[in-house]
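Here the protein sequences line up with chains A and B, keeping their order.
Numbering-wise (this note's numbering), the first sequence opens with residue 1 and increments by one.
Numbering-wise (this note's numbering), the second sequence opens with residue 121 and increments by one.
Where a beta carbon is used, it is the ideal one built from N, C-alpha and C, also for glycine.
These figures come from a predicted structure and were not determined experimentally.
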Amino acid sequence: MEVPILKQGRYLIATIQAALSDEDLLHLRRALLERVIQFRSRGVIVDVTALDVMDSFATRTLRDITYMIRLRGADTVIVGIQPEVAFAMVQLGLTLEGVATALDLEEGLAHLERRARSSS
Amino acid sequence: MPDDIRVLIRSNLDIVTARQEGRTLAARTGFSATDVTLIATAISELARNIVSYAGQGEIVLRLAEGTNSRGVMIVSRDSGPGIRSVDDAMRDGYSTSGGLGLGLPGVRRLVDEFFIESVPGRGTTIRVTKWLR
């Protein structure tokens, strides 16, 4: 299941639409990094609203994506973590340290805009 | 038991299948959305351990019948290298495969009952149960 990546001005929006295998997640990581370079994107939003489980591998991959994109000078926001998914992650001991999160797409875009303003 | 749902775990694709089967069984048993997610997450981690450490194995899901409660039991079984020190493996932060080292203690926090038996060279069986409340 490939994750569609939409280009919206200086930003990229990846919307996960179904459960992802490890391979799908690694593919997303590669595709996002390639697009960030190709389009000189300033920010990335990964919408995980449709993810019903975020286990250790998914969490680690999302964190890696954020760190890699940061090395390119761009920001990443993870949006839409479901309340029960957040609960399970904390119980499991998983954290997204140093990773920006927001309630939904709108809040995620607002976060990127704020970051862009403060750094210009 | 005829009601057992058996999922062979041979690759990371099977992890997705196992947790979806678990989600369906848990929802049918009457678990809340939160508990269904906890169960699916536990299955994901157990199946992941099979792929990472043993290469292959199986996840068996079944309805658990208690004296006055029902639940879901998840059995994770492999014939892999086994765990040399179960005590070490149950400590937060311990890992031998460069993972996050949160696997088993984390899984134990997601469920109500946790049982592990591991014989070096023979394999590992983990049995966890989540009860309806």
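Asked                                                                                                                                                                       : Found
Can you find a C-beta in chain B that's less than 8 Å from the C-beta of A/Glu97?                                                                                           : no
Within the same chain, show all residues whose beta-carbon is closer than 6 Å to that of A/Ile69, passing over the 5 residues directly before and after it, in chain order. : Val36, Val44, Thr76
Whose CA, out of B/Asp134, B/Glu178, B/Ile170, lies closest to the CA of B/Ile203?                                                                                          : B/Ile170
With DSSP as the reference, please indicate the residues paired to B/Gly175 in a beta bridge.                                                                               : Answer is none; B/Gly175 lacks a bridge partner.
Under DSSP, the alpha helix (DSSP H) around A/Ser119 begins and ends at which residues?                                                                                     : 105-119
Determine, using beta carbons only, whether A/Gly108 comes closer than 8 Å to chain B.                                                                                      : no
Would you report the Cα separation of A/Val53 and A/Gly98, rounded to the nearest angstrom?                                                                                 : 21 Å
Which whole-angstrom value describes the C-beta separation of B/Thr154 and A/Glu84, a residue pair presumed to lie in contact below a C-beta threshold of 8 Å?              : 4 Å
Going by C-alpha to C-alpha distance, which of A/Met89, A/Gly80, A/Ile13 sits closest to A/Ser41?                                                                           : A/Ile13
Any chance the region 178-193 of chain B sits against the region 134-142 of chain B, with 3 or more Cβ pairs inside 8 Å?                                                    : yes
Is B/Asp232 helix, strand or coil when you go by DSSP?                                                                                                                      : coil
Can you have a look at A/Ala18 and say buried or exposed, based on whether 16 or more other CB atoms are within 10 angstroms of its CB?                                     : exposed
At a Cβ threshold of 8 Å, is A/Leu148 touching chain B?                                                                                                                     : Not covered by the structure: residue 148 of chain A. The range shown for chain A is 1 to 120.
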